[in-house]
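First the structure, in the form of structure tokens, and then the observations on it.
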Amino acid sequence: MSAALELQRQGVDYRLIERLAHPGGHAITTEDSGFRFDRTGHLLHLRNDAMRPRVLEWIGDDYVEVQRRSVIFSHGVYTRYPFQANTFGLPPKIAAECLLGFIQAHHTDHQRPPANFEEFCRMQFGDGISDHH
Ligand SMILES: Cc1cc2nc3c(=O)[nH]c(=O)nc-3n(C[C@H](O)[C@H](O)[C@H](O)COP(=O)(O)OP(=O)(O)OC[C@H]3O[C@@H](n4cnc5c(N)ncnc54)[C@H](O)[C@@H]3O)c2cc1C
């Protein structure tokens, strides 16, 4: 749909093919008995300056804007999100395991794609972060 919008903006012909009776995919809100249900997306991350006005134009005035204040509770302390960039306050041994694992993962030549989410985390962030976050 984004590609179609961009083509439309550039005056290029396009055809949008959708197997369901309505567009939107997972990112839809349905209504039932006066209640609205977001199938998936309930948070829109509008850091991209080009997307922001476009998305706000689509959704009108019916939104609440918040600044994310996320923290992660680990080993008795709250540390800032994302964990891989913030090990402040954690016990030094845990922080060291996270950092060294992260560096090791970064320099490892993974021979195959991850088979599941845990493997993805270990390949991407290392064993320390995967075990302690
Ligand atoms: C539980 C959950 C929570 C999420 N929360 C957020 C959130 O808070 N914020 C956020 O930004 N993102 C969130 N996401 C991610 C977001 O929902 C997806 O990134 C987004 O919907 C992907 O869009 P898409 O167009 O790539 O795919 P989809 O939304 O899956 O759309 C694919 C479309 O293609 C159609 N289609 C499939 N096969 C065919 C076919 N053969 N012929 C024709 N049409 C076909 C489908 O019917 C569907 O309409 C969440 C996802 C999940 C699962």
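First residue of the sequence shown? That's 13 in the working numbering, and the numbers climb one at a time after it.
We put the CB at the ideal spot given by N, CA and C, even for glycine.
Which first and last residues belong to the alpha helix (DSSP H) in which residue i is found?
| i | result |
| --- | --- |
| Glu-130 | 129-137 |
| Glu-18 | 14-21 |
| Val-24 | Val-24 -> no alpha helix (DSSP H), and no H or E assigned at all. |
Using three-state DSSP, classify residue i as helix, strand or coil.
| i | result |
| --- | --- |
| Val-76 | coil |
| Glu-109 | helix |
| Arg-59 | coil |
| Arg-31 | coil |
| Gly-140 | helix |
| Pro-103 | coil |
| Gln-116 | helix |
| Gln-123 | coil |
Using alpha carbons as the reference points, say which of the options lies closest to residue i.
| i | options | result |
| --- | --- | --- |
| Ile-115 | Pro-125, Pro-103 and Gly-138 | Gly-138 |
| Cys-110 | Val-76, Arg-31, His-54 and Met-135 | Met-135 |
| Gly-37 | Ser-86, Gly-23, Gly-53 and Ser-45 | Gly-53 |
Starting from residue i and walking both ways along the beta strand (DSSP E), at which residues does that stretch end?
| i | result |
| --- | --- |
| Glu-43 | 41-44 |
| Asp-50 | 47-50 |
| Phe-85 | 83-86 |
| Tyr-90 | 89-92 |
Is residue i near ligand 1, judged by its Cβ being under 8 Å from some heavy atom?
| i | result |
| --- | --- |
| Ala-39 | yes |
| Met-63 | no |
| Ile-29 | yes |
| Pro-35 | yes |
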